[in-house]
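**Q** Just so we're aligned: the sequence shown equals residues -25 to -1, 1 to 173 in mature numbering (1 follows the signal peptide of the UniProt record, and there is no 0).
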Amino acid sequence: MWNLSKRLSCRAVVFGLAMLLAACASGPARQEKVTDYSNVRVSGGVSRDFEEAVQLLHAEQYAEAIALLHDVLEREQRLPAPYVNLGIAYYKSGDQKHAEESFLQALEIDPGHPVANNELAVLYRKQGRFEEARKIYTDAIATNPEYSPLIKNFGILCDLYLQDPQCALAQFNQYLALNPEDKEVTIWVADLKRRAGR
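Take a look at the structure:
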């Protein structure tokens, strides 16, 4: 599971970087609420600092990443990616309270953000807040039906924490439809079917 968590976190960081870079261009950072953050223009300095913070996350230098992401957020609060990555950095450094706050701030900007929803649901799962995690997964998958980390993690929640094999099978089958080459999940499905007597 540790490798899965690390891979999913790396994907979240890369997704956040892609979303921020898609919004990059020189220009002043206005602080009004935006509805389409993919067209937000940010300064080159903000972009460079965000990229550096992502590199620090990959290097597991969480305190430095947190400090730099706070600096980014002092200059630009309209995009969810810095908040998502700040949440990941806090989570990896063991600060679940600030991780949750950061993910929730990202979701204020974009309630359907797949990475923010996934990371928040994983956090809730780790805290034993299973029904809250289930609701996040259900709602997020409805708006992001092809974001496979949401589906896979919902399956894990159903299987290991909710003891709901039907829910787990449904999620893992949906995940495998998107990722048929994933041998690990294929084994999980076979095991679930065996346990269910199918």
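All C-beta atoms in this analysis are idealised placements derived from N, C-alpha and C, irrespective of residue type, glycine included. None of the values given here were measured: they were computed from a predicted structure.
Just to confirm, are L125 and A117 a CB contact at a threshold of 7 Å?
**A** What you label residue 125 is simply residue 150 of the sequence shown in a count that begins at 1. What you label residue 117 is simply residue 142 of the sequence shown in a count that begins at 1. Taking 7 Å as the Cβ cut-off, L125 and A117 do not qualify as a contacting pair.
**Q** Should Y136 and F105 be called a contact, given that it needs their Cβ atoms to be closer than 7 Å?
**A** Start at 1 with the first residue of the sequence shown, and residue 136 comes out as number 161. Start at 1 with the first residue of the sequence shown, and residue 105 comes out as number 130. Contact flag set, yes.
**Q** Identify, in the order they occur along the chain, each residue of the same chain with its Cβ nearer than 8 Å to the Cβ of L151, setting aside the five sequence neighbours on each side.
**A** Walking along the sequence shown from the start, residue 151 turns up at place 176. Excluding sequence neighbours, L151 sits near D157, V160, T161 and V164.
**Q** Name the two residues that bound the continuous alpha helix (DSSP H) containing G130.
**A** Taking the sequence shown and counting its residues from 1, one reaches residue 130 at position 155. Counting along the chain, the alpha helix (DSSP H) containing G130 begins and ends at S123 to I131.
**Q** Roughly how many angstroms separate the alpha carbons of V15 and S22, rounded to a whole number?
**A** In the sequence shown, the residue the question calls residue 15 occupies position 40. In the sequence shown, the residue the question calls residue 22 occupies position 47. Their Cα atoms are separated by approximately 12 Å.
**Q** What are the start and end residues of each continuous beta strand (DSSP E) run of 3 or more residues lying completely inside the stretch 19 to 86, in chain order?
**A** Whole beta strand (DSSP E) segments, 3+ residues: zero.
**Q** Under three-state DSSP, which class holds V160?
**A** As a working note, residue 160 is residue 185 in the sequence shown. Helix, per DSSP.
**Q** Should A96 and A108 be called a contact, given that it needs their Cβ atoms to be closer than 7 Å?
**A** Counting from one through the sequence shown, the residue named residue 96 turns up at place 121. Counting from one through the sequence shown, the residue named residue 108 turns up at place 133. Their beta carbons are under 7 Å apart, which means A96 touches A108 by this criterion.
**Q** Use the C-beta contact count for A171: other C-beta atoms within 10 angstroms, 16 or more gives buried, fewer gives exposed.
**A** Mapped onto the sequence shown, residue 171 falls at position 196. When all chains shown are included, A171 counts as exposed.
**Q** Going by alpha carbons, who is nearest to A42 out of N119, N60, E76 and P55?
**A** Counting from one through the sequence shown, the residue named residue 42 turns up at place 67. Cα-wise, what sits closest to A42 is N60.
**Q** Whose C-beta lies closer than 6 Å to the C-beta of residue 174 among residues of the same chain, with five residues either side of it excluded?
**A** The first residue shown for the chain is -25 and the last is 173, placing residue 174 beyond what the model contains.
**Q** State the start and end residues of the unbroken alpha helix (DSSP H) segment that holds L144.
**A** Taking the sequence shown and counting its residues from 1, one reaches residue 144 at position 169. Element bounds for L144: P140 to L153.
**Q** So, is Q146 buried or exposed, given that buried needs 16 or more other C-beta atoms within 10 angstroms?
**A** Within the sequence shown, residue 146 is the residue found at index 171, counting from 1. The residue in question, Q146, is buried, as its Cβ has 16 or more Cβ neighbours within 10 Å.
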